[in-house]
Amino acid sequence: MKTNLENYKNIDKSTNLIFDEKDTFKVFHFNNLSSQNELFKHSLKDNYIQIYFCAENQCCVAFNFEHCALNLASGNSGMVYFKDEKMNILFNLPPKAELIAILISIEYFHSLFSIEGNFLFNFNSFKVGKPIIEPKEINTSIKIILNQLVSKQINESLRPIYIKGKVYELLSHYFSTPPEDEGEHCPYIANEETVSKIKHAKEIIIEEMNNPPSLADLSKEVGLNIKKLKTDFKEFYGVPVFTFLLNYKMEQAKKLLQEQQLNVNEIAVHLGYSTSSHFIAAFKRKFGITPKQFAKT
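Here is the structure:
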């Protein structure tokens, strides 16, 4: 069955591409806040090591054709390498899906991982048309780094160096062989049970964003004391609980404005603001322009 590429939005210069440095690597972050599947396309002209991390729901990444795909469930990752230099990467994300993708040029990958000519992988030995696809579960340490990587709380002028640092940290964890009790070594979030509670807290404040619970009520609902909830939530998502909620609302506001289905007053109501003026003020503080100005860009 022929793939209709016209259904896929080109993302070469979109906000989903959060880092792109020539001859090093690209970083994509997809977070589908809509109620519809989102389809994106990115065209490659060189060889890249591709690593995909599904943070929420399920994500599908296809290569040239929809049937040639990597399907990832929440909490799983996959490393992909094709020797073919030219290809279209096709992203299919259902509602509430979140995906982080790191694409590293072959030459740069070798420069990071080679010592006196000894390579982590000898990619020259692989044949065209026969890809590597290596699935791997995302451990606790990597989950934390991924959330820090896509945090929007870093000053824009410092963001490129911050992202590069986080990618290096991510790669060192991804390719290392962890000890059996690796999950207990994180100094901040000790285990998957705590991570699950932190993610549950995030889900609650999003679901109840029009009337979110207090920190005291939220801590009781997820089974963590307030201090641990505040500390671990900030460590995992990079920002405090209600700053995260504000950022979520603002990102959703941007998508709604781009879709042009609702006016500013309707978006304000949808996001739980008592008046449109409060919404406009919050949006301007966050992005430096009003919602109407943003809608015109």
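Under our numbering, the residue at position 214 of the sequence shown is numbered 216, and the numbers go up by one with no gaps.
The beta-carbon is built from N, C-alpha and C at its ideal position, and this holds for glycine as well.
Just so you know, these numbers come straight off a predicted model, no measurement behind them.
Residues bridged to residue i [DSSP beta-bridge criterion]
| i | result |
| --- | --- |
| Ser79 | Phe55, Lys138 |
| Asn71 | Checking the displayed sequence, the identity of residue 71 turns out to be Ala instead of Asn. Bridge partners of Ala71: Ala64. |
| Leu92 | Lys43, Ala64 |
| His31 | Ile102 |
| Ser107 | Tyr50 |
| Lys11 | Phe42 |
| Phe21 | Val29 |
Environment of residue i [buried if 16+ CB atoms lie within 10 Å]
| i | result |
| --- | --- |
| Thr142 | buried |
| Glu40 | buried |
| Pro97 | exposed |
| Gly240 | buried |
| Tyr170 | exposed |
| Ile140 | buried |
| Lys298 | exposed |
| Thr196 | buried |
| Ser127 | Any reading at Ser127 must be qualified, since the residue scores a pLDDT of 46, below 50, and its modelled position is unreliable; no value is offered. |
| Asn212 | exposed |
| Lys145 | buried |
| Ala283 | exposed |
| Ile228 | exposed |
| Ile291 | exposed |
| Asn33 | buried |
| Asn9 | exposed |
| Pro168 | Checking the sequence, you will find Lys at residue 168 rather than Pro. By the 10 Å Cβ count, Lys168 comes out buried. |
| Lys88 | exposed |
| Ser279 | exposed |
| Pro181 | Bear in mind that the predicted position of Pro181 carries a pLDDT of just 46, short of 50, making it too unreliable to give a figure here. |
Test item: CB-CB of residue i and residue j under 8 Å
| i | j | result |
| --- | --- | --- |
| Ile27 | Ala103 | The question names Ile, but residue 27 in the sequence shown is Phe. Contact: no. |
| Glu68 | Leu92 | yes |
| Gly80 | Pro137 | yes |
| Glu158 | Glu100 | no |
| Asn6 | Lys43 | no |
| Pro293 | Leu247 | no |
| Ile208 | Tyr275 | no |
| Ala75 | Gln60 | yes |
| Leu217 | Lys232 | yes |
| Leu220 | Ile206 | yes |
| Met252 | Phe296 | no |
| Phe55 | Leu160 | no |
| Phe65 | Ile165 | no |
Supposed close pair residue i, residue j - CB separation, criterion 8 Å
| i | j | result |
| --- | --- | --- |
| Ile106 | Tyr50 | 6 Å |
| Leu172 | Leu114 | About 12 Å; that fails the 8 Å criterion. |
| Gln38 | Tyr83 | Gln38 to Tyr83, Cβ: 31 Å. No contact. |
| Cys62 | Asn94 | 4 Å |
| Asp2 | Tyr110 | The chain is shown only over 3 to 299; residue 2 falls outside these bounds and no answer can be derived. |
Item checked: Stretch-stretch touch, CB-based, cutoff 8 Å, three pairs: the stretch 262-271 with the stretch 232-248 -> no
Next item on the list: Determine contact between the stretch 253-264 and the stretch 219-232, defined as no fewer than three beta-carbon pairs at a distance below 8 Å.
Entry: no
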